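Protein chains: 2
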Amino acid sequence: MTSTARGARARARIEVTAAIKEEARRQLAAEGAARLSLRAVARELGMVSSALYRYFPSRDDLLTALIIDAYDSLGEAAESAHAAVAQEGPRQRWVAVCTAVRRWALAHPHEYALIYGSPVPGYHAPQTTVPAAARVGLLLIGIVRDAHRGPGLADLPLPADLRPEAERLVADLAPDLPPAAGAALVAAWAQLYGLVGFELFGQFHRVVEDREPFFRHAATRLADQVGLP
Amino acid sequence: MTSTARGARARARIEVTAAIKEEARRQLAAEGAARLSLRAVARELGMVSSALYRYFPSRDDLLTALIIDAYDSLGEAAESAHAAVAQEGPRQRWVAVCTAVRRWALAHPHEYALIYGSPVPGYHAPQTTVPAAARVGLLLIGIVRDAHRGPGLADLPLPADLRPEAERLVADLAPDLPPAAGAALVAAWAQLYGLVGFELFGQFHRVVEDREPFFRHAATRLADQVGLP
DNA sequence: CCCGCCGCAAGAGCAGTGCTCTCTTTTTTG
DNA sequence: CAAAAAAGAGAGCACTGCTCTTGCGGCGGG
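In structure tokens form, the structure reads like this:
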């Protein structure tokens, strides 16, 4: 039905949609999500603003499309960085993925802010974004799971009051992982984004100057924290 | 000069300024920074919008005032939580401060987003905010420094390429701290905000459900990471 | 004591925003 | 080929931050 261009009309629709997203992404990268304006996008594309609503019913829908693209772009960057070191040990792979996330964030600050900064108020991400959002997470889970199949995965502490939650968590995410590792993994995942966010949003200004080795070391210690050998 | 009300005029100015901030804070808490409108604030206060510019020359200046207040409120929450356990060990004090930060963030999500979420594009925090912003950091530094004076502070790893940066860092922040502890402290500080931010911004939705013990455990492991006994 | 000045408020206005509605043109489809 | 669906154009609404001009009224210096 909606697949490959049944007519010139459908093909044009795909092209215009892509052009809108492209221009919107340009404005997002240049000015940030708050300054992204439908009218400005339309103006730049030589169309009238109301015409744009035929393609995206609201500004939030455009933002949602950009969010999914951003998640995908980040996921792809992480995955290709991981593929390049797939033969190495879990630690190297972990650090490689973390480094890729940081590098992508530094290269696309506004996109990163869009997906991992404070959500635009009033806006609630629809379920559509979930698969794209999960890509980096799945990568990290895979690394820890692989490590768990091999030797040397450290024993991690797990307080009694956290055990039920940790068991539920690994049941959903990675059934072959010990609960303590699952909990540590999720915590490390959040902490990774704390490190990246602080650097990106200027919190390290005049505190950390040489940020590359600092991040590398922190990422390595995160690997410790999830018990990677 | 600018001190205690030289006349009724000056007193009124202080009161109106306070009323503006109060109403702005209400709107911030209810709707978030992006939806905070000068005109709406003025309307609610029964004044015309242009009059408000006599008190805050721009929307950004109002936001800056709210940011400082938010930092102060968070700092005070953390400090009073710390004071309540000042007699206990470094771990307990560390976890108490982390917990207070989380609790404050959950109680004031939009304020938290304002200071630790993605910065409003085009807006750059003036130097005025720095002292208020530093309060929680100073608290954490103090805990680690105290621990370092006592026994049991763990030896932390420090890669060679990070040493110069770590030395510079402790020279600025806490000269009596070993460089490795300083680097670990800054990393832990960032990671704390990663944990809080992920929970607050919905990234843990359907992943972590029982968040209180989860956070508690993660904060405890952060204490490990900075070598607290 | 009083007059002039300055702080303050009010109102109009500018340029911009998201979004809706109607009207016309163009293309697809039964 | 005619009816229906899709797309574009343009006007318009309610809102935003911000500026400018115009008046009013309390305060300080002569």
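Same order as they appear, the protein sequences are chains A and B.
Just so we're aligned: 196 in this note's numbering is position 196 of the first sequence, and the numbers increase by one with no gaps anywhere.
Just add 1000 to wherever you are in the second sequence, counting from 1, and you've got this note's numbering.
The C-beta atom is built at its ideal place from N, Cα and C for all residues, glycine as well.
Only a predicted model underlies this, so the values are computations on that prediction, with no experimental measurement involved.
Terminal residues of the alpha helix (DSSP H) in which residue i lies
i, result
"A/GLN203", "First-last for A/GLN203: undefined, no H or E at that position."
"A/ARG35", "From DSSP, A/ARG35 is part of no alpha helix (DSSP H); its letter is neither H nor E."
"B/PRO1131", "1130-1133"
"B/ARG1091", "1090-1107"
"B/TYR1071", "1059-1084"
"B/SER1049", "1049-1052"
Three-state secondary structure assigned by DSSP to residue i
i, result
"B/VAL1226", "coil"
"B/GLU1209", "coil"
"B/GLU1167", "helix"
"B/ALA1154", "coil"
"B/PHE1215", "helix"
"A/TYR55", "coil"
"A/LEU177", "coil"
"B/GLN1087", "coil"
"B/ALA1147", "helix"
"A/ALA8", "helix"
"A/GLY234", "The question about residue 234 of chain A has no answer here: the residues shown for chain A are numbered 1 through 229."
"A/TYR112", "helix"
"B/ALA1125", "coil"
"A/GLY117", "coil"
Span separating the alpha-carbon of residue i from that of residue j
i, j, result
"B/PRO1179", "B/GLN1127", "27 Å"
"B/VAL1226", "B/ALA1147", "10 Å"
"A/TYR55", "B/ALA1033", "28 Å"
"A/LEU71", "A/ALA132", "Per the sequence shown, the amino acid found at residue 71 of chain A is Tyr instead of Leu. Spanning the two alpha carbons is a distance of roughly 5 Å."
"A/LEU200", "B/VAL1208", "26 Å"
"B/TRP1104", "B/HIS1082", "13 Å"
"B/ALA980", "B/VAL1196", "The requested residue 980 of chain B is not part of the displayed model; chain B covers only 1001 to 1229."
"A/CYS231", "A/GLU88", "Outside the shown range of chain A, which is 1 to 229, sits residue 231 of chain A, and nothing can be said about it."
"B/LEU1153", "A/ALA125", "44 Å"
"B/ARG1035", "B/ALA1024", "10 Å"
"A/GLY77", "A/ALA100", "For the record, residue 77 of chain A in the displayed sequence is Ala; it is not Gly. A/ALA77 and A/ALA100: Cα-Cα distance of roughly 6 Å."
"B/PRO1157", "A/ALA134", "32 Å"
"A/GLY137", "B/PHE1204", "12 Å"
"A/GLY75", "A/PRO151", "28 Å"
"B/SER1080", "B/PRO1109", "20 Å"
"A/VAL95", "B/ARG1011", "58 Å"
"A/LEU106", "B/PRO1119", "15 Å"
"B/ALA1008", "B/TYR1112", "36 Å"
"B/ALA1005", "B/MET1047", "Confidence at B/ALA1005 is low in this model, with a pLDDT of 43, below 50, so its placement is unreliable and the value that follows should be read with caution. Distance between the alpha carbons of B/ALA1005 and B/MET1047 is about 23 Å."
"B/VAL1130", "A/GLY202", "12 Å"
"B/SER1049", "A/ARG93", "56 Å"
"B/ALA1029", "B/LEU1114", "10 Å"
"B/ALA1084", "B/THR1220", "18 Å"
"B/TRP1189", "B/ALA1040", "37 Å"
"A/PHE198", "B/ALA1187", "10 Å"
"B/GLU1212", "A/GLU44", "49 Å"
"A/ALA160", "B/ASP1155", "28 Å"
"A/PRO57", "A/ALA18", "15 Å"
"A/GLU31", "B/ASP1210", "38 Å"
"A/ALA171", "A/SER73", "28 Å"
"A/ARG230", "A/ARG206", "Since the first residue shown for chain A is 1 and the last is 229, residue 230 of chain A is missing from the structure and cannot be characterised."
Close Cβ partners of residue i (< 7 Å) along its chain, the five nearest in sequence each way excluded
i, result
"B/LEU1162", "ALA1183"
"B/GLN1191", "LEU1222"
"A/TYR193", "TYR116"
"B/THR1002", "At B/THR1002 the pLDDT is 34, less than 50, meaning the model places this residue with poor confidence; the figure from the coordinates comes in the next sentence. Excluding sequence neighbours, B/THR1002 sits near nothing in its chain."
"B/ILE1141", "LEU1173, ALA1174, LEU1185"
"A/PRO90", "ILE143, ASP146, ALA147, LEU228, PRO229"
"B/VAL1016", "TYR1055"
"B/ALA1139", "Note that residue 1139 of chain B is Leu in the sequence shown here, rather than Ala. For B/LEU1139, where only same-chain residues beyond five positions count, the Cβ hits under 7 Å are ALA1078, GLU1079, HIS1082, VAL1097."
Sequence-distant residues of its chain with Cβ nearer than 6 Å to residue i (five each side left out)
i, result
"B/LEU950", "This structure cannot speak to residue 950 of chain B, because chain B is shown only from 1001 to 1229."
"A/PHE214", "VAL208"
"A/LEU52", "LEU38, ALA42"
"A/GLU167", "PRO179"
"B/ARG1102", "VAL1196, PHE1215"
"B/GLN1027", "LEU1036"
Beta-carbon proximity list for residue i, same chain, < 8 Å, skipping 5 on both sides
i, result
"B/PRO1145", "Inspection of the sequence shows that residue 1145 of chain B is occupied by Arg rather than by Pro. Hits under 8 Å: ALA1174, ASP1176, LEU1177."
"B/LYS1021", "LEU1062, ALA1065, LEU1066, ASP1069"
"A/GLU165", "ALA183"
"A/ALA86", "ARG93"
"B/ARG1013", "TYR1055"
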